[in-house]
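Structure record follows, encoded as C-alpha coordinates.
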Amino acid sequence: MKYLLILLIILFSKFSYGTGQVPDYLVYKGDTLAIFSNPLEKYFEKIGKRELIDFVGCGSTACWRGYKAIWELKADKLYLVQVTSCHNSCGLEIKNADLKKMFGTETVFGDWFSGKIIVPQGERVQYIHMGYASIYEKELHISFKNGIRTSEKTISNEKIADKIRFEKRQREIAKKIQDTLFYQVRKAIVWDTIKTPFYNLCDEKYILTFNKKGNLKKVWVDYESQTKKEKREEWWWNITDDRKCRRTIKKALKPINISYLDLPKKKIKLPFEIFYDRKTGKLELWKEMWMEE
(Lines of atoms letter the chains of each structure in order from A; the text may use other names.)
(Lines give C-alpha, C1' and ligand atoms only; values in the text may rest on other atoms or scores of the structure.)
Protein backbone atom coordinates (compact mmCIF):
# COMPACT_ATOMS: atom_id res chain seq x y z
CA MET A 0 0.00 0.00 0.00
CA LYS A 1 2.89 2.35 0.84
CA TYR A 2 4.42 1.97 -2.63
CA LEU A 3 1.05 2.42 -4.33
CA LEU A 4 0.79 5.77 -2.56
CA ILE A 5 4.32 6.65 -3.68
CA LEU A 6 3.39 5.80 -7.27
CA LEU A 7 0.39 8.12 -7.10
CA ILE A 8 2.63 10.88 -5.76
CA ILE A 9 4.95 10.41 -8.74
CA LEU A 10 2.19 10.43 -11.33
CA PHE A 11 0.56 13.59 -10.05
CA SER A 12 3.64 15.41 -8.80
CA LYS A 13 4.59 18.77 -10.29
CA PHE A 14 7.78 17.08 -11.43
CA SER A 15 5.76 15.03 -13.93
CA TYR A 16 4.91 18.01 -16.10
CA GLY A 17 6.83 20.38 -18.30
CA THR A 18 10.05 19.60 -20.11
CA GLY A 19 12.32 19.05 -17.12
CA GLN A 20 13.28 15.43 -16.47
CA VAL A 21 10.92 13.35 -14.35
CA PRO A 22 13.00 12.29 -11.33
CA ASP A 23 13.47 9.02 -9.54
CA TYR A 24 12.31 8.94 -5.91
CA LEU A 25 14.00 7.92 -2.68
CA VAL A 26 12.15 6.75 0.45
CA TYR A 27 14.30 8.06 3.28
CA LYS A 28 13.53 8.68 6.95
CA GLY A 29 9.81 8.38 6.32
CA ASP A 30 9.77 10.87 3.44
CA THR A 31 9.49 10.29 -0.30
CA LEU A 32 12.02 12.59 -1.94
CA ALA A 33 12.55 13.51 -5.58
CA ILE A 34 16.20 12.93 -6.49
CA PHE A 35 18.44 14.36 -9.18
CA SER A 36 20.17 11.04 -9.82
CA ASN A 37 19.34 7.82 -11.69
CA PRO A 38 21.23 4.92 -10.04
CA LEU A 39 19.67 2.34 -12.37
CA GLU A 40 21.60 3.84 -15.28
CA LYS A 41 24.81 2.60 -13.63
CA TYR A 42 23.38 -0.91 -13.74
CA PHE A 43 22.61 -0.64 -17.45
CA GLU A 44 26.15 0.60 -18.05
CA LYS A 45 27.50 -2.38 -16.13
CA ILE A 46 25.57 -5.05 -18.03
CA GLY A 47 25.73 -3.22 -21.36
CA LYS A 48 22.03 -3.43 -22.25
CA ARG A 49 18.62 -2.03 -21.33
CA GLU A 50 16.39 -4.79 -22.70
CA LEU A 51 15.62 -6.11 -19.22
CA ILE A 52 12.93 -3.43 -19.03
CA ASP A 53 10.51 -4.04 -21.89
CA PHE A 54 9.06 -0.52 -21.92
CA VAL A 55 12.09 1.79 -21.84
CA GLY A 56 11.55 2.77 -25.47
CA CYS A 57 8.40 4.69 -24.59
CA GLY A 58 9.69 7.90 -23.12
CA SER A 59 9.28 11.60 -23.80
CA THR A 60 11.31 14.79 -23.70
CA ALA A 61 10.52 14.85 -19.97
CA CYS A 62 11.57 11.22 -19.50
CA TRP A 63 14.30 10.28 -21.94
CA ARG A 64 15.24 7.14 -20.03
CA GLY A 65 11.69 5.77 -20.36
CA TYR A 66 11.12 4.86 -16.71
CA LYS A 67 10.85 6.17 -13.15
CA ALA A 68 12.47 4.26 -10.30
CA ILE A 69 11.64 4.19 -6.59
CA TRP A 70 14.48 3.57 -4.17
CA GLU A 71 14.63 3.06 -0.43
CA LEU A 72 17.51 3.62 1.97
CA LYS A 73 17.38 1.09 4.81
CA ALA A 74 20.18 0.41 7.29
CA ASP A 75 22.57 2.40 5.09
CA LYS A 76 21.82 0.19 2.07
CA LEU A 77 20.20 1.33 -1.17
CA TYR A 78 17.36 -0.86 -2.45
CA LEU A 79 15.44 -0.69 -5.71
CA VAL A 80 11.75 -0.93 -4.85
CA GLN A 81 9.92 -0.31 -8.10
CA VAL A 82 10.47 0.61 -11.74
CA THR A 83 7.52 2.28 -13.45
CA SER A 84 7.05 3.15 -17.10
CA CYS A 85 6.67 6.67 -18.44
CA HIS A 86 3.79 5.42 -20.60
CA ASN A 87 1.54 8.21 -19.38
CA SER A 88 3.78 10.47 -21.47
CA CYS A 89 2.85 8.66 -24.69
CA GLY A 90 -0.73 7.63 -24.02
CA LEU A 91 -0.16 3.98 -23.06
CA GLU A 92 -1.03 2.02 -19.94
CA ILE A 93 1.23 2.51 -16.93
CA LYS A 94 3.35 -0.58 -16.29
CA ASN A 95 5.61 -1.75 -13.50
CA ALA A 96 8.72 -3.77 -14.29
CA ASP A 97 9.01 -7.34 -13.00
CA LEU A 98 11.96 -7.00 -10.62
CA LYS A 99 12.15 -10.74 -10.02
CA LYS A 100 12.43 -11.33 -13.77
CA MET A 101 15.08 -8.63 -14.07
CA PHE A 102 17.20 -9.45 -11.02
CA GLY A 103 16.10 -12.90 -9.88
CA THR A 104 14.76 -11.46 -6.63
CA GLU A 105 12.15 -8.94 -5.51
CA THR A 106 14.52 -7.49 -2.91
CA VAL A 107 17.07 -5.68 -5.06
CA PHE A 108 20.17 -4.33 -3.33
CA GLY A 109 21.80 -1.69 -5.55
CA ASP A 110 25.35 -2.93 -5.03
CA TRP A 111 26.31 -1.73 -8.52
CA PHE A 112 25.87 1.92 -7.54
CA SER A 113 28.79 4.02 -6.40
CA GLY A 114 28.38 7.77 -6.53
CA LYS A 115 26.08 10.48 -5.20
CA ILE A 116 22.35 10.77 -4.92
CA ILE A 117 21.38 14.44 -4.92
CA VAL A 118 18.17 15.50 -3.18
CA PRO A 119 17.01 19.07 -4.01
CA GLN A 120 15.60 20.89 -0.99
CA GLY A 121 13.81 24.16 -0.35
CA GLU A 122 12.59 26.63 -2.95
CA ARG A 123 13.47 26.22 -6.61
CA VAL A 124 15.16 29.53 -7.37
CA GLN A 125 15.90 28.93 -11.05
CA TYR A 126 14.48 26.53 -13.62
CA ILE A 127 17.04 25.39 -16.18
CA HIS A 128 15.71 23.72 -19.28
CA MET A 129 18.12 20.79 -19.21
CA GLY A 130 18.10 17.56 -17.24
CA TYR A 131 18.44 18.13 -13.51
CA ALA A 132 20.24 21.46 -13.79
CA SER A 133 17.61 23.55 -11.97
CA ILE A 134 18.88 25.30 -8.85
CA TYR A 135 17.33 24.90 -5.40
CA GLU A 136 18.12 26.61 -2.10
CA LYS A 137 19.84 23.49 -0.74
CA GLU A 138 20.95 20.04 -1.84
CA LEU A 139 21.38 16.90 0.23
CA HIS A 140 24.29 14.85 -1.16
CA ILE A 141 24.26 11.18 -0.13
CA SER A 142 27.39 9.27 -1.15
CA PHE A 143 27.42 5.52 -1.81
CA LYS A 144 30.01 2.85 -2.49
CA ASN A 145 28.72 -0.45 -3.85
CA GLY A 146 25.21 0.48 -2.72
CA ILE A 147 26.20 1.31 0.87
CA ARG A 148 25.91 4.84 2.21
CA THR A 149 29.31 6.22 3.17
CA SER A 150 28.46 9.83 3.98
CA GLU A 151 25.98 12.62 3.49
CA LYS A 152 26.08 16.39 3.68
CA THR A 153 23.86 19.36 2.95
CA ILE A 154 25.11 21.87 0.40
CA SER A 155 23.83 25.44 0.65
CA ASN A 156 23.17 27.34 -2.57
CA GLU A 157 22.31 30.48 -0.62
CA LYS A 158 24.83 32.75 -2.36
CA ILE A 159 23.81 31.54 -5.81
CA ALA A 160 20.13 31.79 -4.85
CA ASP A 161 20.56 35.37 -3.60
CA LYS A 162 22.33 36.33 -6.83
CA ILE A 163 19.58 34.76 -8.95
CA ARG A 164 16.85 36.51 -6.95
CA PHE A 165 18.69 39.82 -7.27
CA GLU A 166 19.07 39.44 -11.04
CA LYS A 167 15.40 38.48 -11.30
CA ARG A 168 14.43 41.58 -9.32
CA GLN A 169 16.57 43.75 -11.62
CA ARG A 170 14.75 42.32 -14.66
CA GLU A 171 11.37 42.98 -13.04
CA ILE A 172 12.32 46.60 -12.34
CA ALA A 173 13.73 47.05 -15.86
CA LYS A 174 10.46 45.84 -17.38
CA LYS A 175 8.43 48.29 -15.31
CA ILE A 176 10.39 51.42 -16.19
CA GLN A 177 11.26 50.91 -19.87
CA ASP A 178 8.35 52.99 -21.17
CA THR A 179 9.04 55.75 -18.63
CA LEU A 180 12.70 55.93 -19.65
CA PHE A 181 11.80 55.96 -23.32
CA TYR A 182 9.24 58.73 -22.93
CA GLN A 183 11.79 60.84 -21.06
CA VAL A 184 14.65 60.54 -23.60
CA ARG A 185 12.28 61.08 -26.51
CA LYS A 186 11.00 64.26 -24.89
CA ALA A 187 14.32 65.64 -23.64
CA ILE A 188 16.59 64.96 -26.64
CA VAL A 189 16.34 66.28 -30.21
CA TRP A 190 16.06 63.23 -32.48
CA ASP A 191 16.45 64.84 -35.88
CA THR A 192 19.07 63.89 -38.47
CA ILE A 193 18.68 67.30 -40.11
CA LYS A 194 19.81 69.13 -36.99
CA THR A 195 22.01 66.28 -35.73
CA PRO A 196 24.20 64.12 -38.01
CA PHE A 197 23.16 60.45 -37.80
CA TYR A 198 26.61 59.45 -36.51
CA ASN A 199 26.10 61.71 -33.50
CA LEU A 200 22.71 60.29 -32.59
CA CYS A 201 22.79 58.53 -29.27
CA ASP A 202 20.73 55.48 -30.14
CA GLU A 203 22.59 52.72 -28.33
CA LYS A 204 22.15 49.99 -25.79
CA TYR A 205 22.90 51.43 -22.36
CA ILE A 206 23.39 50.07 -18.88
CA LEU A 207 21.86 52.42 -16.32
CA THR A 208 23.09 52.24 -12.74
CA PHE A 209 20.67 53.41 -10.03
CA ASN A 210 21.60 53.69 -6.36
CA LYS A 211 19.48 52.25 -3.56
CA LYS A 212 17.67 55.60 -3.25
CA GLY A 213 16.44 55.28 -6.84
CA ASN A 214 18.65 57.99 -8.37
CA LEU A 215 20.50 57.49 -11.65
CA LYS A 216 24.24 57.50 -10.95
CA LYS A 217 25.89 56.15 -14.07
CA VAL A 218 25.19 55.58 -17.77
CA TRP A 219 27.35 53.24 -19.79
CA VAL A 220 27.19 51.95 -23.34
CA ASP A 221 26.82 48.17 -23.40
CA TYR A 222 29.36 46.50 -25.66
CA GLU A 223 28.55 42.93 -24.65
CA SER A 224 28.62 41.72 -28.27
CA GLN A 225 32.08 43.13 -28.96
CA THR A 226 35.31 41.19 -28.60
CA LYS A 227 38.21 42.57 -26.57
CA LYS A 228 40.04 43.29 -29.82
CA GLU A 229 37.10 45.31 -31.19
CA LYS A 230 36.90 47.27 -27.95
CA ARG A 231 40.62 48.10 -28.14
CA GLU A 232 40.36 49.15 -31.80
CA GLU A 233 37.45 51.49 -31.04
CA TRP A 234 38.89 52.79 -27.80
CA TRP A 235 39.26 56.44 -28.89
CA TRP A 236 35.83 56.47 -30.49
CA ASN A 237 34.31 55.03 -27.34
CA ILE A 238 35.77 57.57 -24.92
CA THR A 239 34.87 60.55 -27.12
CA ASP A 240 31.51 60.02 -28.84
CA ASP A 241 30.22 57.62 -26.21
CA ARG A 242 31.14 59.97 -23.41
CA LYS A 243 29.05 62.68 -25.05
CA CYS A 244 26.09 60.32 -25.47
CA ARG A 245 26.37 58.99 -21.94
CA ARG A 246 26.21 62.55 -20.63
CA THR A 247 23.27 63.36 -22.90
CA ILE A 248 21.28 60.32 -21.77
CA LYS A 249 22.15 60.88 -18.12
CA LYS A 250 21.01 64.49 -18.29
CA ALA A 251 17.74 63.46 -19.94
CA LEU A 252 17.01 60.79 -17.31
CA LYS A 253 18.24 62.69 -14.27
CA PRO A 254 14.72 63.83 -13.19
CA ILE A 255 13.59 60.20 -12.87
CA ASN A 256 13.59 58.58 -9.44
CA ILE A 257 12.52 54.94 -9.10
CA SER A 258 12.52 54.57 -5.30
CA TYR A 259 8.77 53.82 -5.43
CA LEU A 260 9.59 50.37 -6.87
CA ASP A 261 10.77 48.82 -3.58
CA LEU A 262 14.39 48.60 -4.63
CA PRO A 263 17.04 46.21 -3.28
CA LYS A 264 19.35 47.65 -0.63
CA LYS A 265 22.17 48.11 -3.13
CA LYS A 266 22.77 49.60 -6.57
CA ILE A 267 21.11 47.99 -9.57
CA LYS A 268 22.03 47.90 -13.26
CA LEU A 269 19.26 48.06 -15.83
CA PRO A 270 19.43 47.67 -19.62
CA PHE A 271 17.91 50.34 -21.84
CA GLU A 272 18.15 50.20 -25.63
CA ILE A 273 16.90 52.75 -28.17
CA PHE A 274 17.10 52.86 -31.94
CA TYR A 275 16.53 55.77 -34.32
CA ASP A 276 15.01 54.64 -37.62
CA ARG A 277 16.57 56.88 -40.28
CA LYS A 278 13.89 55.96 -42.83
CA THR A 279 10.85 56.80 -40.74
CA GLY A 280 12.48 59.42 -38.54
CA LYS A 281 11.12 57.72 -35.43
CA LEU A 282 12.81 56.73 -32.22
CA GLU A 283 12.07 53.17 -31.12
CA LEU A 284 12.38 51.36 -27.82
CA TRP A 285 14.00 47.96 -28.27
CA LYS A 286 12.97 45.46 -25.65
CA GLU A 287 15.03 42.35 -25.21
CA MET A 288 13.37 38.94 -25.44
CA TRP A 289 13.30 38.47 -21.66
CA MET A 290 11.38 41.74 -21.33
CA GLU A 291 8.63 40.37 -23.55
CA GLU A 292 8.11 37.27 -21.40
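First residue of the sequence shown? That's 0 in numbering that gives the first Met the number 0, and the numbers climb one at a time after it. Ideal Cβ positions, reconstructed from N, Cα and C, are used throughout, including at glycine.
The DSSP-derived three-state label of A187 is helix.
When C-alpha distances from F209 are compared across K186, D202 and V218, the shortest belongs to V218. Excluding sequence positions up to five before and after W111, its CB lies within less than 6 Å of the CB of K41, Y42 and K45, all in the same chain and listed in chain order.
The residues L215, in chain order, have a CB closer than 8 Å to that of K253 in the same chain once the five nearest residues on each side in sequence are set aside.
Under the three-pair Cβ rule at 8 Å, the segment 166-176 does not count as touching the segment 136-156. Within its own chain, the residues whose Cβ lies closer than 7 Å to the Cβ of T149, once the five positions on either side in sequence are excluded, are S142 and F143, listed in chain order. For L180, same chain residues with a beta-carbon under 6 Å away, outside a window of 5 residues either side, are F271 in chain order.
Excluding its 5 nearest sequence neighbours in each direction, T247 has C-beta neighbours in its own chain below 8 Å: I188 and C201, listed in chain order. Of the candidates H128, I159, R277 and I116, the residue whose Cα lies closest to the Cα of E136 is I159.
Excluding five sequence positions before and after P38, the CB atoms of its chain that fall closer than 6 Å to its own CB belong to G109 and F112, given in chain order. K286 and S258 do not touch by the CB rule: their CB atoms are close to 23 Å apart, not below 8 Å.
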